[in-house]
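Chemist: Under this note's numbering, think of the first position of the sequence shown as -11, with each following residue one higher. Glycine is no exception: its CB is placed at the ideal position from the N, C-alpha and C atoms. Given the structure is predicted, the values throughout are model-derived calculations rather than measurements. Let me begin by handing over the structure; questions about it come next.
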Amino acid sequence: MQLPKGYLIAIGGAEDKGEEDKLRVKKLDFFEQGILRQIVELVGKKGIPKIELITTATSFPDEIAQIYKKAFKKLGIEQIGHLKLTSREDGDYKKNLERLEKSNCILFSGGDQLRLSSILGGTAFIEMVKEKYMDDHFVIAGTSAGAAAMSNTMICGGNADRAYMKGEVELNIGFGLIQSVIIDTHFDARGRFGRLVQAIAAQPAAIGIGLDEDTAVLIEKGTKLKAIGSSSVVVVDGSNVKRNNIADVHGGEPISISNLQVHVMARGDMFHLQSREFTAANHHLQESRTPT
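This is the structure in structure tokens:
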């Protein structure tokens, strides 16, 4: 099976953009440890970064593009384009495809993931994105809606307060850049653990990934997840589920599921999708302190 040569960076939203906000508590150094810096360093390993911003998901494309251009310029990146794809015709337009071909990184902004997938899903643009991801050192970043749409199954809505009731979580088809994964964003800030649990109850073979704000997973070779950013990543593994009543209860009734495995990843921790193994960033240190 061919593994992708490119990288995915799925971001939980509200990533540090180097803005001077006295009310914001800076947890990491934007210029040294921030998520956007990680993107720049990863792309820069193969030449000068040529980044295209994709703002299809948002209703404020120009404003969002300017924020990202300003943030990347603070990191020394000048070659930043803005592909304003607002229709399916835009996704098949030759000049847009030519710009995509010349880029080595794209970033999908936040907004509405259903809008993003319904406009670009199945277009020549997304097909080229998949080809470049498989064949080249190509970096695909997505924040919030842009992260949720990366997987083959995506969460596109749901009431967090009623997430343990059957039918309160909406699933749809994403871009399929990564298989057997369901990604949720703004995870802690919006209390979304319950809706990720219901999504995994519906598809227990998948791995659920809950991304807190200003936090991301860097996915290498389509299988290796590394947590980056200032907060936590929650991984929900349903492969060993014993009881699961979601197929038996009616809509609006509570779900019952047992033996879910949950991991919480901090910066530098790793999770392997195929083996379902978790590796802590400081595991060597922990092992050295184990009593003999």
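So, are the CB atoms of VAL205 and ALA45 less than 8 angstroms apart?
Modeler: Residue numbering aside, residue 205 sits at position 217 when the sequence shown is read from its first letter. Residue numbering aside, residue 45 sits at position 57 when the sequence shown is read from its first letter. No, the Cβ-Cβ distance between VAL205 and ALA45 is not below 8 angstroms.
Chemist: From what residue to what residue does the alpha helix (DSSP H) around PHE181 run?
Modeler: For the purposes of this step, residue 181 is identified with residue 193 of the sequence shown, where counting begins at 1. Here the alpha helix (DSSP H) through PHE181 covers 181 to 190.
Chemist: Between the C-alpha atoms of GLY155 and VAL250, what's the straight-line distance to the nearest angstrom?
Modeler: What you label residue 155 is simply residue 167 of the sequence shown in a count that begins at 1. What you label residue 250 is simply residue 262 of the sequence shown in a count that begins at 1. Distance between the alpha carbons of GLY155 and VAL250 is about 22 angstroms.
Chemist: Helix, strand or coil for LEU11 per DSSP?
Modeler: Counting from 1 along the sequence shown, the entry for residue 11 is found at position 23. Any reading at LEU11 needs caution, since the residue's pLDDT is 47, under 50, leaving its predicted position unreliable; the model's value is listed next. It is coil, neither helix nor strand.
Chemist: Could you check the C-alpha separation between PHE126 and ASP200 for me, to the nearest Å?
Modeler: For the purposes of this step, residue 126 is identified with residue 138 of the sequence shown, where counting begins at 1. For the purposes of this step, residue 200 is identified with residue 212 of the sequence shown, where counting begins at 1. Their Cα atoms are separated by approximately 25 angstroms.
Chemist: Could you give the DSSP three-state label for TYR81: helix, strand or coil?
Modeler: For this step, residue 81 is matched to residue 93 along the sequence shown. Correct three-state label for TYR81: coil.
Chemist: Would a C-beta distance cut-off of 8 angstroms place VAL223 and PHE259 closer than the cut-off?
Modeler: Working through the sequence shown from its first residue, we reach residue 223 at position 235. Working through the sequence shown from its first residue, we reach residue 259 at position 271. Yes.
Chemist: Just checking my contact of ILE245 with ARG264 at CB under 8 angstroms: how many whole Å lie between their CB atoms?
Modeler: Working through the sequence shown from its first residue, we reach residue 245 at position 257. Working through the sequence shown from its first residue, we reach residue 264 at position 276. That belief does not hold up - the Cβ atoms of ILE245 and ARG264 are roughly 17 angstroms apart, past 8 angstroms.
Chemist: Which same chain residues, not among the five before or five after GLU241, have their C-beta less than 8 angstroms away from its C-beta?
Modeler: Taking the first residue of the sequence shown as 1, we reach residue 241 at position 253. Correct list, in chain order: MET153, LYS154.
Chemist: Beta-carbon within less than 6 angstroms of ILE171's beta-carbon, same chain only, minus the 5 sequence neighbours each way: which residues are those?
Modeler: Within the sequence shown, residue 171 is the residue found at index 183, counting from 1. ALA(-2), ALA135, ALA136, SER139, ILE197.
Chemist: List the endpoints of the continuous beta strand (DSSP E) containing LEU30.
Modeler: Sequence index remark: in the sequence shown, residue 30 carries index 42 (1-based). Here LEU30 belongs to no beta strand (DSSP E); instead the alpha helix (DSSP H) covers 23 to 32.
Chemist: Taking the beta strand (DSSP E) that VAL250 falls in, what are its first and last residues?
Modeler: Residue 250 sits at position 262 when you count from the first residue of the sequence shown. Per DSSP, VAL250 belongs to the beta strand (DSSP E) from 249 to 253.
Chemist: Should LYS34 go down as buried or exposed, given a rule of 16 or more other Cβ atoms within 10 Å for buried?
Modeler: As a working mapping, residue 34 is identified with position 46 in the sequence shown. With fewer than 16 Cβ atoms within 10 Å of its Cβ, LYS34 is classed as exposed.
Chemist: If you follow the beta strand (DSSP E) that PHE259 is part of, which residue opens it and which one closes it?
Modeler: To locate residue 259, count along the sequence shown from 1; it is residue 271. Per DSSP, PHE259 belongs to the beta strand (DSSP E) from 258 to 260.
Chemist: Excluding the 5 residues preceding and the 5 following GLY121 in the sequence, name in chain order all residues of the same chain whose CB lies nearer than 7 angstroms to its CB.
Modeler: Along the sequence shown, read from residue 1 onward, the residue named residue 121 stands at position 133. The question names Gly, but residue 121 in the sequence shown is Tyr. Listed in chain order, the non-local C-beta contacts of TYR121 below 7 angstroms within the same chain comprise PRO(-8), GLY(-6), ILE128, LEU165, local neighbours out to five positions each way being set aside.
Chemist: State the Cα-Cα distance for the pair LYS83 and SER227, rounded to the nearest angstrom.
Modeler: One-based indexing of the sequence shown puts residue 83 at position 95. One-based indexing of the sequence shown puts residue 227 at position 239. The straight-line gap from Cα to Cα measures roughly 44 angstroms.
Chemist: If contacts are defined as beta-carbon pairs under 8 angstroms, then PHE163 and SER105 qualify, I think. What distance do you get, rounded to the angstrom?
Modeler: Against the sequence shown, residue 163 aligns to sequence position 175. Against the sequence shown, residue 105 aligns to sequence position 117. Between SER105 and PHE163 the Cβ distance is about 7 angstroms, and since that is below 8 angstroms, they are a contact.
Chemist: Whose C-beta lies closer than 8 angstroms to the C-beta of ASP236 among residues of the same chain, with five residues either side of it excluded?
Modeler: On the sequence shown, position 248 is the one that residue 236 refers to. Excluding residues within five positions, none has a Cβ falling inside 8 angstroms.
Chemist: Identify every run of the alpha helix (DSSP H) within the region 64 to 124, keeping only runs that are complete inside it and at least 4 residues long; order them along the chain.
Modeler: 76 to 80, 82 to 90, 101 to 108, 112 to 123
Chemist: Pick helix, strand or coil for TYR152, following the three-state DSSP scheme.
Modeler: Translated into the one-based positions of the sequence shown, residue 152 becomes position 164. Coil at TYR152, not helix or strand.
Chemist: ASP236 lies in the alpha helix (DSSP H); which residues open and close that run?
Modeler: Residue 236 sits at position 248 when you count from the first residue of the sequence shown. Segment: none, ASP236 is in no alpha helix (DSSP H) and carries neither H nor E.
Chemist: Between the Cα of ALA187 and the Cα atoms of THR203, ILE161, TYR81, ALA177, which residue gives the shortest distance?
Modeler: As a working mapping, residue 187 is identified with position 199 in the sequence shown. Closest by C-alpha distance to ALA187, out of THR203, ILE161, TYR81, ALA177, is ILE161.
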